[in-house]
Amino acid sequence: MVNLHILLVLGISLYAYWMGIVSTFKVPKPTKTQAKWLDYEVGAIVHFNMQTFNRYMKPGHVVPVDTFNPEELSTDQWLEAAKSFGAKYILFSIDHFSGFLMWPTATDYKYSVKYTKWRDGKGNVLADFIKSCRKYGLEYGYFYSVHNNWYMGVDNYTTGVPATQEYYKKVVEEQMRELFNATSPYKDPFYIWFDAGIVPKVSPDIGPIIRELASNSICDECPTFSGNQGLHWVGNEKAFAPLPQWYAVPKGKCSEKTPDGKIIQGSPYGQLFCPANCDTVIREHFWFWQPDTEYSVKSVRRLLSEYLTSVGHGCTLILNLNPDTRGLVPEEDRKAYEKLGKAIALLYKDPVKKSFKPRLKIGKKKIWKFTAFRSLNGSVILMEDIERYGQLVMKYELKLKTKDGWISTPELGSTIGHKRIHPFPKDLANKTVSAVSLRINKLVTKRRSIVLREVSVYNWNEAAKPGKNLI
Ligand SMILES: *[C@@H]1O[C@H](CO)[C@@H](O)[C@H](O)[C@H]1NC(C)=O
Ligand SMILES: *[C@@H]1O[C@H](CO)[C@@H](O)[C@H](O)[C@H]1NC(C)=O
Ligand SMILES: *[C@@H]1O[C@H](CO)[C@@H](O)[C@H](O)[C@H]1NC(C)=O
Ligand SMILES: *[C@@H]1O[C@H](CO)[C@@H](O)[C@H](O)[C@H]1NC(C)=O
């Protein structure tokens with residue numbers, strides 16, 4: 001009896017505590033830059049470094065600088081490739097494990113383009129890259145791995161030798177100042193990504209420098225110092241965002257790891273806006289170009305499906321580019337990017353209904369009718385206004401009307417976020433569809449209604465045409 005009583009009291013207090021959280025919960029919102037990043041939906045990353053030229057590099061390998069010699073390098077061609085699949089920003093691996101730098105650093109560091117015979121030591125891939133980004137209208141960003149630097153003998157943030165550890169710490173910090181200071185030609189990147197993160201007190205002390213010089217850049221895997229501009233990695237390299245997909249994490253946990261080394265993902269009552277990026281490769285599964293791997297270029301069907309499990313699940317897609325030893329994106333990859341861009345465009349080509357800023361009462365169904373069509377396939381796209389309200393929707397029901405009645409879409413009780421793409425479920429194939437209904441059942445706050453950014457229905461018949469093999 002005593003036990004029951006205790007349980008009851010405990011239950012009531014837990015309930016009260018929970019209701020307290022819900023009613024006082026302040027929904028976190030993105031910064032302007034984070035909101036822009038979500039809106040971009042698709043980005044690119046370029047892996048191009050010593051590994052491109054040295055196939056079998058192993059941890060610790062230091063290869064001669066002159067193996068870097070991309071005689072036909074054209075960063076314009078990279079940008080054309082990225083633009084062809086709709087990327088709005090592009091990241092570049094300016095330092096990646098080998099320690100070789102893509103700009104002629106003035107710091108005390110002799111492993112960069114400056115020490116190669118390529119363009120007589122006067123080449124600067126990073127400067128070319130930024131120039132091309134400006135020319136093609138894409139935002140630029142950097143991927144830099146601090147945790148490994150084989151040139152300096154760094155493995156997991158340490159050299160194991162006090163003297164070289166000091167040098168490593170000092171030179172990395174100087175390179176950060178060189179990149180981001182107010183007179184630097186490389187300043188103001190849209191996006192910075194420190195591969196595998198930064199460990200305070202172990203890594204070079206990058207945090208204060210980023211806070212001082214690059215606080216407008218969004219910072220991926222920058223646990224303690226991203227401030228409100230953080231992002232984290234989704235945890236797989238398959239462009240797959242698990243559902244539900246929440247953008248906010250507990251305070252101080254943006255890109256922090258759990259004791260077993262997994263990055264902490266979002267949760268409904270997280271206090272800090274820190275969404276996930278969904279990255280993947282074009283060649284399965286190579287980040288850097290390697291000879292004789294053309295067979296591994298993904299099919300457009302597979303890439304489109306990855307678009308649907310990333311962008312379609314509220315995440316953003318980051319697709320890799322792997323320029324070859326010429327310094328050019330190979331032809332097979334270029335074709336795949338272009339096909340993907342066209343395939344994505346097909347998904348948005350035939351809207352049958354568009355409703356902007358609809359207001360929905362919580363728990364009350366809203367129906368949109370449209371001109372009936374026989375669907376091979378199609379989609380319902382839902383968007384929340386994240387910039388204005390933060391991420392609110394926790395549970396909803398979506399149905400489509402056919403002559404045989406209303407048919408539910410799968411994955412109910414999930415999140416929407418910036419965008420959710422619901423392909424028509426299998427059992428809608430070839431049925432005539434004439435209306436969509438949506439009921440929002442639960443939010444993370446006690447608001448009685450919500451204004452969504454958009455509810456749209458698309459006809460995908462062209463993409464789903466027999467023989468096209470796209471979806
Ligand atoms: C790498 O370094 C971090 C920080 O010191 C440590 O927590 C982690 O256990 C190390 N990992 C390995 C594989 O040694
Ligand atoms: C700023 O960057 C430029 C070029 O990257 C460099 O020449 C200059 O020394 C840097 N200034 C500081 C204070 O680091
Ligand atoms: C529409 O395409 C999606 C994505 O490939 C698929 O999961 C779904 O079953 C398709 N629906 C129909 C009606 O064929
Ligand atoms: C739907 O119609 C298309 C084209 O008419 C046909 O190829 C396909 O097999 C049909 N699908 C189903 C599930 O009946």
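Heads up, the sequence shown stops at 471 in full-length UniProt numbering, and the numbers go up one at a time, no gaps.
Cβ atoms here follow ideal geometry from the backbone N, Cα and C, with glycine treated the same way.
> Of the choices 46, 52, 140 and 49, whose alpha-carbon is the least far from that of residue 88?
Replying inline: 140
> Once you ignore the five residues that flank residue 104 on each side, which residues in its own chain have a CB closer than 7 Å to its CB?
Replying inline: 112, 113, 114 and 124
>> Taking the straight line between their C-alpha atoms, what separation do you get for residue 453 and residue 308?
In response: 19 Å
>> Could you pull the DSSP bridge partners for residue 280 from this structure?
In response: 238 and 319
> Taking residue 325 as the reference, which of 185, 288, 280 and 283 has the closest Cα?
Replying inline: 288
> Which ranges would you report for the alpha helix (DSSP H) in the region 376 to 413 if only whole runs of at least 4 residues count?
Replying inline: 386 to 389
> What is the DSSP secondary structure of residue 68, counted as helix, strand or coil?
Replying inline: coil
> Hey, residue 248 and residue 34 are a contact pair by Cβ (cut 8 Å); roughly how many whole angstroms apart?
Replying inline: So it is not a contact: roughly 11 Å between Cβ atoms.
>> I'd like to confirm the pairing. Which residues does DSSP put opposite residue 351 in its beta bridges?
In response: 458
> So who's on the other strand from residue 47, going by DSSP bridges?
Replying inline: According to DSSP, residue 47 bridges with nothing at all.
> Can you tell me the Cα-Cα spacing of residue 29 and residue 389, whole angstroms?
Replying inline: 7 Å
> What residue from 435, 360, 96 and 231 has the CA that sits closest to residue 37's CA?
Replying inline: 231
>> Could you compute how far the alpha carbon of residue 199 sits from the alpha carbon of residue 233?
In response: 16 Å
> Thinking C-alpha only, which one of 463, 166 and 351 is nearest residue 305?
Replying inline: 463
>> Using a Cβ-Cβ cutoff of less than 8 Å, which residues in the same chain neighbour residue 362 once the five nearest sequence positions on both sides are dropped?
In response: 440, 441, 442, 443, 447, 448, 449 and 450
> Buried or exposed: which applies to residue 270, given that a residue is buried once 16 or more other Cβ atoms fall within 10 Å of its Cβ?
Replying inline: buried
> Taking the C-alpha atoms as reference points, what is the distance between residue 83 and residue 371?
Replying inline: 34 Å
> At a cut of 8 Å, does the region 246 to 266 reach the region 295 to 302 through at least three beta carbon pairs?
Replying inline: no
>> Using only Cβ atoms and a threshold of 5 Å, which residues come within that distance of a heavy atom of ligand 5? Order them by chain position.
In response: With respect to ligand 5, the structure shown offers nothing to examine, as its ligands consist of ligand 1, ligand 2, ligand 3 and ligand 4.
> Would the beta-carbon of residue 393 fall within 8 Å of that of residue 421?
Replying inline: no
>> Rounded to the nearest angstrom, what separates residue 79 and residue 40 at their Cα positions?
In response: 16 Å
> Secondary structure at residue 204, three-state DSSP: helix, strand or coil?
Replying inline: coil
>> Using 8 Å as the cut-off, can you tell me whether the region 184 to 201 makes contact with the region 163 to 175, which would need three or more C-beta pairs spanning the two stretches below that distance?
In response: no
> Excluding five sequence neighbours on each side, which residues of the same chain lie with their C-beta closer than 6 Å to the C-beta of residue 161?
Replying inline: none
>> If I follow the unbroken alpha helix (DSSP H) through residue 78, where does it start and stop?
In response: 75 to 84
> For residue 155, which residues of its own chain have a beta-carbon under 7 Å away from its beta-carbon, when the five flanking residues on both sides are left out?
Replying inline: 59 and 148
> Are residue 397 and residue 408 closer than 8 Å when you measure CB to CB?
Replying inline: yes
> Whose C-beta lies closer than 7 Å to the C-beta of residue 254 among residues of the same chain, with five residues either side of it excluded?
Replying inline: 223, 226, 230, 232, 272 and 274
>> Check whether the region 309 to 328 and the region 348 to 360 touch, using three or more Cβ-Cβ pairs below 8 Å as the test.
In response: no
> Near residue 283, what residues of its chain come up, given a Cβ to Cβ distance below 6 Å and the 5 sequence neighbours on each side ignored?
Replying inline: 293, 296 and 297
> In whole angstroms, what separates the C-alpha of residue 240 from that of residue 337?
Replying inline: 18 Å
> Hey, would you say residue 321 sits closer than 8 Å to residue 46, going by beta carbons?
Replying inline: yes
> Tell me the DSSP bridge mates of residue 247?
Replying inline: Per DSSP, none; premise fails for residue 247.
>> Please state the DSSP three-state secondary structure of residue 37.
In response: helix
> Roughly how many angstroms lie between the CA atoms of residue 402 and residue 429, to the nearest whole one?
Replying inline: 11 Å
>> Let me check one thing: in DSSP terms, what residues is residue 90 bridge-paired to?
In response: 44 and 140
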